[in-house]
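> Here my numbering is used: the first residue of the sequence shown is -13, the next is one more, and so on.
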Amino acid sequence: MSETEKTDFGIRGSGGQSSDDNQVVVFRLFKEEFGIQISNVREIVRMPDVTPIPRSPDYVAGICNLRGNVLPVIDMRIRFGMESQEATDHTRLLVVESGGTQNSLIVDNVREVMRMNLSDMEPPPTACLGDDRQFLSGVIKIDNGKRLILMLNLDELMAVSEDKSRTQTRSERVETIKTAEKTKAEEEQLVSFKIAGDEYAFNIEKVLEILKISNITAVPNVPEYVRGLFTIRNHLLPILDLRRMLGLPDLISEHFMVIDKAISDHSAWFDSLKHILEAGGHFKGDTDSRSGRFGVWLEGFKTSSVEVENVIKQLKRARMSLYSEGTEIVEIKGRSDKNALSLLDSDVKPRLNLVLDLLEELKKVLELHISEEQRALVVETDQMSVGYLVDWVDEVIRVPKSVIDKTPTLATSERRELKAVAKLDNGERLIMIMDESALVSRETSRLIAETRGEDIAESDLGKTEEKTLAQQIMDDEQLVTFTIDNEEYGIRIMQIQEINRLSEITAVPRAPYFIDGMTNLRGNVIPVLNIRRLFGLDDLDINDRSRIIIVDIGGNKTGLRVDSVNEVLRLSKRNIESTPSVVTSTGANRYMEGVCKLDGGKRIAVLLDVEKILDEKELENMAMMMGTKAAPAATKTKPEKKSLRKGKTEIAEKQ
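(1) Would you kindly work out how many angstroms separate the C-alpha atoms of D236 and I315, rounded to a whole number?
(2) Assuming G85 is part of the alpha helix (DSSP H), what are its boundary residues?
(3) Give me the Cα-Cα distance between K260 and V282, rounded to the nearest whole angstrom.
(4) What does T273 pair with, by DSSP beta-bridge criteria?
(5) Expressed to the nearest angstrom, what Euclidean distance is found between the alpha-carbon atoms of F179 and K288?
(6) Among the candidates I512, W255 and Y499, whose CA atom is the shortest distance from the CA of R518?
(7) Taking the beta carbon of E366 as the centre, do at least 16 other beta carbons fall within 10 Å, making it buried, or is it exposed?
(8) Is the separation between the beta-carbon of P38 and that of V569 shorter than 7 Å?
(9) Starting from H221, follow its DSSP beta bridges and name the residues at the other end.
(10) What are the boundary residues of the beta strand (DSSP E) that includes N189?
(11) Please name the residue or residues paired with D538 in a DSSP beta bridge.
(12) The alpha helix (DSSP H) spanning K350 covers which residue range?
(13) Less than 7 Å between the beta carbons of D35 and A47, yes or no?
(14) In whole angstroms, what separates the C-alpha of D337 from that of L327?
(15) For a test of the three-state rule: what should DSSP assign to I135, helix, strand or coil?
(16) Mind reading off the beta-carbon distance from D502 to V514? Whole number of angstroms is fine, and I expect it under 8 Å.
(17) If distances are taken between C-alpha atoms only, which option among R496, V551 and K387 comes closest to A406?
(18) Any idea if A204 is buried or exposed, counting beta-carbon neighbours within 10 angstroms, 16 or more meaning buried?
(19) Could you give the DSSP three-state label for Q481: helix, strand or coil?
(20) Would you tell me roughly how many angstroms separate the C-alpha atoms of F256 and L348, rounded to the nearest one?
(21) Quick one: residues in its chain with C-beta nearer than 8 Å to the C-beta of Q88, no 5 flanking neighbours on either side, listed in chain order?
(22) Helix, strand or coil, according to DSSP, for K588 in the structure here?
(23) For V372, which residues of its own chain have a beta-carbon under 7 Å away from its beta-carbon, when the five flanking residues on both sides are left out?
(24) Using the DSSP secondary-structure output, state which residues sit across from R78 in a beta bridge.
(25) Going straight from the alpha carbon of S467 to that of R589, what length do you get?
(26) Note down the Cα distance separating I434 from Q464, rounded to an integer number of angstroms.
(27) With a CB to CB cut of under 8 Å and the five nearest residues on each side skipped, what residues in its chain are close to D333?
(28) Just to confirm, are I22 and Q9 a CB contact at a threshold of 7 Å?
(29) Are the beta-carbon atoms belonging to V11 and E19 less than 7 Å from one another?
(30) Please name the residue in Y45, M137 and V551 whose C-alpha comes closest to that of N529.
(31) Ignoring anything shorter than 3 residues, give me the beta strand (DSSP E) runs that lie fully in the segment 480 to 527, in order along the chain.
(32) Candidates R133, R533, H241 and A493: which alpha carbon is nearest V294's?
(33) Are the CB atoms of L352 and I249 within a distance shorter than 7 Å?
(34) State the DSSP-derived secondary structure class of A265, mapped to helix, strand or coil.
(35) Leaving aside the five residues before and after E400 along the sequence, list all residues of the same chain whose C-beta is less than 7 Å from its C-beta, in chain order.
(36) May I ask you to list the residues that DSSP assigns as paired with T467?
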């Protein structure tokens, strides 16, 4: 075991046997003093950020990430049946090792490291801590018996029942594979996105990753739609602007055109209002801020930028006030032209100026944060992997092959970049499916290869560096990450059928506590599962960020309601650690497949297996509601609320 960088009391993890075996780390829980041999202590740190794990044993506060090591966090007060307390400045985390397994223990404070004669240790009193006597190896008396140090039996403390959460019979695996193959044969799974308000899609099998792009390096002597190169995993990825490829202006230019037109229209609206007050006549301008071309554009505007969203909200309120005041003045005109003109200058003019100022402010924040709006879909072609810049990634969706038609010849260009059209919602929603192999010409591919310093034959184009990237991606897992109660979770993308915005949910009488109700998904009525309730967390009202993830549970299409969907990403399998056994010791977390270390270990996401998220009783209750037969599942304990402990490690404080 390598030495820790810094710990309280100068403790360094050694992992070897020495005279240190007589040294004991003494810590306090409530009014009692406990001891652990220093040879079992790897480090002592301040409380780090702890990620709660729903349905884990009550004494498991969660998991933490200490410099790349994911550790279970055990609340020693709860483990010993004491009253729990919030973390304080004195609270410490003891990282200990027993039987080759590391765990971390929350203690009230660490008092000292002292040398003791362990041969003088006495057996713990029979009544000591009741049933928890098994966790003690003995008692050491010091200061002439005035202090009692209760020595922990780490082997017994860390003992957990055999973890069977990952077992699955061969027949279950075969049945799962057969079901997946049948579904795949009948449906196409697409990643849909928006370009200038129209909906397009790539087949999900061709989408390697969805990225937020920044710091694109421009390159010379390439077509204008080639925005430049972006570095990903030490590979140079060409970024192509799909807008420009389709003959459309870039996104920021389009936004500016809409806003500039709105500035002109608002000024004209005011002039028209003033004219009818002075010369008479009927006012024909808009009286509803949500109507008109710009009103519709503003109401439908989607953004992931907090700064842009703030300006949008201010602009909506200002326009509502402006149009309301304008409507009122038109009504006053019939009674007094003089009063109406006076109010136009005193009330309407300032509101107009505020709207115009906010429109200019919107242009500024959009220009600064436009990269937060767009995403790049990394798509695999026969020639190379390419990042296609799009306005907005909408959803992952499964579409029956029966509603997909080949693109009419007249609707395609010479390159035939559109290969099919999916007609949904009785033809009211059209998704244009792109042919990734026809988007980039071989000449453009050669130019891009040259900008990356490649000198390869035409027959080998895209098979050198790109092959390495493809091999690297094969070692990855593709996940969809989402947030529940400010904690991040992930699901393998192959378990996800669709991701949608929340539509109307119809309550169902006597539904299980974890079911919000039923919703209509293109004619299919599916249950909506509230993960917050299932995990024993406080409920949250539906908002603009709420999403529903469509998965298969017990043979039924089921919607998982989540607070928000974060991103689609690829993660090296090396960065997915197995679930600590102590977390699943009660069998409650069979659905927890592992712990994902994101952003170089700066973030933790809990990887879920949605097929195991409900226990046998919960599956049965949902099946009764749906009128179907429940599939078998593992038994899990009743959900308990988990509180979040936060703090900082001393290493983090140094940084």
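Don't be surprised by glycine CBs; every beta carbon is placed ideally from N, CA and C.
If we stick to the structure as given:
(1) Reading the sequence shown from its first residue, position 250 is the one you call residue 236. Reading the sequence shown from its first residue, position 329 is the one you call residue 315. Computed Cα separation, rounded: 40 Å.
(2) For the purposes of this step, residue 85 is taken as residue 99 along the sequence shown, with counting starting at 1. Unbroken run through G85: none, as it is neither H nor E.
(3) Working through the sequence shown from its first residue, we reach residue 260 at position 274. Working through the sequence shown from its first residue, we reach residue 282 at position 296. Rounded to the nearest angstrom, the two C-alpha atoms are 25 Å apart.
(4) On the sequence shown, position 287 is the one that residue 273 refers to. Note: T273 sits in no beta bridge, so no partner.
(5) The count along the sequence shown starts at 1 and reaches residue 179 at position 193. The count along the sequence shown starts at 1 and reaches residue 288 at position 302. When rounded, the distance between both Cα atoms is 13 Å.
(6) As a first step, residue 518 must be located in the sequence shown, where it is residue number 532. Closest by alpha carbon: Y499.
(7) Taking the first residue of the sequence shown as 1, we reach residue 366 at position 380. E366 comes out buried.
(8) Residue numbering aside, residue 38 sits at position 52 when the sequence shown is read from its first letter. Residue numbering aside, residue 569 sits at position 583 when the sequence shown is read from its first letter. No.
(9) Your numbering for residue 221 matches position 235 in the sequence shown. According to DSSP, which records beta bridges pairwise, H221 is partnered with I218.
(10) As a position in the sequence shown, residue 189 is number 203, starting the count at 1. Start and end: D184 to N189.
(11) Numbered from its first residue, the sequence shown carries residue 538 at position 552. DSSP lists K543 as partners of D538.
(12) Here the question's residue 350 lines up with position 364 in the sequence shown. Segment K335 to E359, the alpha helix (DSSP H) holding K350.
(13) Counting from 1 along the sequence shown, the entry for residue 35 is found at position 49. Counting from 1 along the sequence shown, the entry for residue 47 is found at position 61. No, they are not a contact pair.
(14) Within the sequence shown, numbered from 1, the residue matching residue 337 stands at position 351. Within the sequence shown, numbered from 1, the residue matching residue 327 stands at position 341. Note that residue 337 is Arg in the sequence shown, not Asp. Spanning the two alpha carbons is a distance of roughly 15 Å.
(15) Stepping through the sequence shown from its first residue, residue 135 is reached at position 149. Note: I135 maps to strand in three-state DSSP.
(16) Residue mapping note: residue 502 aligns to position 516 of the sequence shown, counting from 1. Residue mapping note: residue 514 aligns to position 528 of the sequence shown, counting from 1. Going by Cβ atoms, the distance from D502 to V514 rounds to 4 Å, so yes, they are a contact pair.
(17) Within the sequence shown, residue 406 is the residue found at index 420, counting from 1. Here the closest residue by C-alpha is K387.
(18) In the sequence shown, residue 204 corresponds to position 218, counting from 1. Burial call: exposed.
(19) One-based indexing of the sequence shown puts residue 481 at position 495. Q481 falls in the helix class under three-state DSSP.
(20) As a working note, residue 256 is residue 270 in the sequence shown. As a working note, residue 348 is residue 362 in the sequence shown. Each residue's alpha carbon lies about 20 Å from the other.
(21) For the purposes of this step, residue 88 is identified with residue 102 of the sequence shown, where counting begins at 1. Excluding residues within five positions, the ones whose Cβ falls inside 8 Å are R28, N55, L57, V81 and V82.
(22) Counting from 1 along the sequence shown, the entry for residue 588 is found at position 602. Coil at K588, not helix or strand.
(23) Counted from its first residue, the sequence shown places residue 372 at position 386. Cβ neighbours of V372 beyond the five flanking positions: P224, L226, V365 and V426.
(24) As a position in the sequence shown, residue 78 is number 92, starting the count at 1. For R78, which the question treats as bridged, DSSP gives the partners R32 and V93.
(25) Against the sequence shown, residue 467 aligns to sequence position 481. Against the sequence shown, residue 589 aligns to sequence position 603. One point to set straight first is that residue 467 is Thr, not Ser, in the sequence displayed. About 12 Å.
(26) Here residue 434 refers to the residue found at position 448 of the sequence shown. Here residue 464 refers to the residue found at position 478 of the sequence shown. Distance between the alpha carbons of I434 and Q464: 27 Å.
(27) As a first step, residue 333 must be located in the sequence shown, where it is residue number 347. Excluding positions up to five away in sequence, the list reads E311 and I315.
(28) The count along the sequence shown starts at 1 and reaches residue 22 at position 36. The count along the sequence shown starts at 1 and reaches residue 9 at position 23. Not in contact: I22 and Q9 (Cβ atoms no closer than 7 Å).
(29) Stepping through the sequence shown from its first residue, residue 11 is reached at position 25. Stepping through the sequence shown from its first residue, residue 19 is reached at position 33. Result no, Cβ atoms of V11 and E19 do not sit closer than 7 Å.
(30) Taking the sequence shown and counting its residues from 1, the one referred to as residue 529 is at position 543. Answer by Cα proximity: V551.
(31) 482 to 487, 501 to 507 and 510 to 516
(32) Numbered from its first residue, the sequence shown carries residue 294 at position 308. With distances taken between Cα atoms, V294 lies closest to H241.
(33) Reading the sequence shown from its first residue, position 263 is the one you call residue 249. Reading the sequence shown from its first residue, position 366 is the one you call residue 352. Not in contact: I249 and L352 (Cβ atoms no closer than 7 Å).
(34) Here the question's residue 265 lines up with position 279 in the sequence shown. If DSSP states are grouped into helix, strand and coil, A265 belongs with the helices.
(35) Counting from one through the sequence shown, the residue named residue 400 turns up at place 414. Confidence is the limiting factor: at E400 the pLDDT is only 49, short of 50, which leaves the residue's position unreliable, though a coordinate-based value still follows. There are no such residues.
(36) Counted from its first residue, the sequence shown places residue 467 at position 481. According to DSSP, T467 bridges with G476 and E553.
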